[in-house]
Amino acid sequence: MTERTGWPGLLVAIEGPGGVGKSTVTAAVAQMLTEQGVPVLATREPTDTPLGDLARYGTQEYRGTAMACLIAAGRYQHAQEIQPALDRGEVVICGRYIASSLALQCMDGVDRDFVWLLNEGVIQPDLTVILSAPPEVIESRLAARGAHSRYEMQEDGSRIELAYFAEAGRYLRAQGARVLDVDATPGSPREVASPIVAAITCFMKDPR
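With the numbering used here applied, the sequence shown corresponds to residues -3 to 204, in that order.
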């Protein structure tokens, strides 16, 4: 795994299945850190770039290895935004990152070790947060906002995604990554964000 040392910022990935609340929790974490005077960059993947849009809106057209490579290419390009923020000492909060590839591309039948090989050279997160909730809670959220990808549209998709994200977390831990599992079910976005902010604050004080 590529060591992520030598600059003062932190990279935190907020992960989990579609509909679990990544966007709202990412925003809450960013807001709470900002209130503490911490400089923050909130971002997401796929990015709002032509390459990111190709990945975001191409889930019906691109599958398997092609999609895995497309997502990885966007991630390497994303480093052009992330690296300067880290160099400035900012905390970068990213909605979706490597764990999403290890979950979704493996759902697509791509070998997990191959997905890792594609992503091993990107900027590695200091902390990966994997959000979870009961499948029925996620399904109700998806019904309210609408499913956006074929992963979310498939039958029993939330239950399947949860299992793949759990496996992604185990895989990342085996690579030496720091992974935090958070229940996104109870309370407000700020309540869900609270243990994440606490973990980030702790890491800022003692990054070992």
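Cβ coordinates follow ideal geometry from the N, Cα and C atoms, glycine included. For clarity, every value in this text was computed on a predicted model and none was experimentally measured.
Short check: CB of residue i to CB of residue j, under 7 Å?
i: S128; j: L158; result: yes
i: I89; j: T22; result: yes
i: S19; j: G91; result: yes
i: L114; j: A68; result: yes
i: T55; j: A95; result: no
i: M28; j: V175; result: no
i: E86; j: P35; result: yes
i: A24; j: A189; result: yes
i: I156; j: G15; result: no
i: Y160; j: M103; result: yes
Is it buried or exposed for residue i, if we count other Cβ within 10 angstroms and need 16 for buried?
i: R84; result: exposed
i: E132; result: exposed
i: Q32; result: exposed
i: D107; result: exposed
i: E187; result: exposed
i: Q101; result: buried
i: G183; result: exposed
i: P13; result: buried
i: T39; result: buried
i: D202; result: exposed
i: E57; result: exposed
i: G48; result: buried
i: D60; result: Strictly speaking, residue 60 in this sequence is Gly, with Asp absent from that position. Flag for G60 reads exposed.
i: G165; result: buried
i: G153; result: buried
i: V118; result: buried
i: A62; result: exposed
If you drop the 5 nearest sequence neighbours on each side, which residues of the same chain put their C-beta closer than 7 Å to that of residue i?
i: R52; result: P42
i: L82; result: W3, G5, L7, V88
Starting from residue i, trace the beta strand (DSSP E) in both directions and tell me its first and last residue.
i: S128; result: 123 to 128
i: E116; result: Run containing E116: none; DSSP gives neither H nor E here.
i: V106; result: No beta strand (DSSP E) contains V106, which DSSP labels as neither H nor E.
In terms of residue numbering, what span does the alpha helix (DSSP H) encompassing residue i cover?
i: T20; result: 18 to 31
i: R186; result: 185 to 201
i: R166; result: 153 to 170
i: R52; result: 46 to 52
Please check the pair residue i and residue j, which I expect to be a contact at CB under 8 Å, by giving their CB distance rounded to whole angstroms.
i: A139; j: G17; result: Wrong, their Cβ atoms sit about 14 Å apart, outside the cutoff.
i: Q73; j: T45; result: 7 Å
Ordered along the chain, which non-local residues of its own chain (more than five positions away) have a Cβ less than 6 Å from that of residue i?
i: A9; result: C90, Y93, P121, T124
i: D177; result: I126
Please go through the same chain and pick out, in chain order, the residues whose beta-carbon is closer than 8 Å to the beta-carbon of residue i, but skip the five residues on each side of it.
i: L66; result: L47, L50, A51, G54, Y58
Mind checking whether the beta-carbon of residue i lies closer than 6 Å to any heavy atom of the ligand NAD?
i: L29; result: The ligand NAD is not among the ligands present in this structure, which contains no ligands whatsoever.
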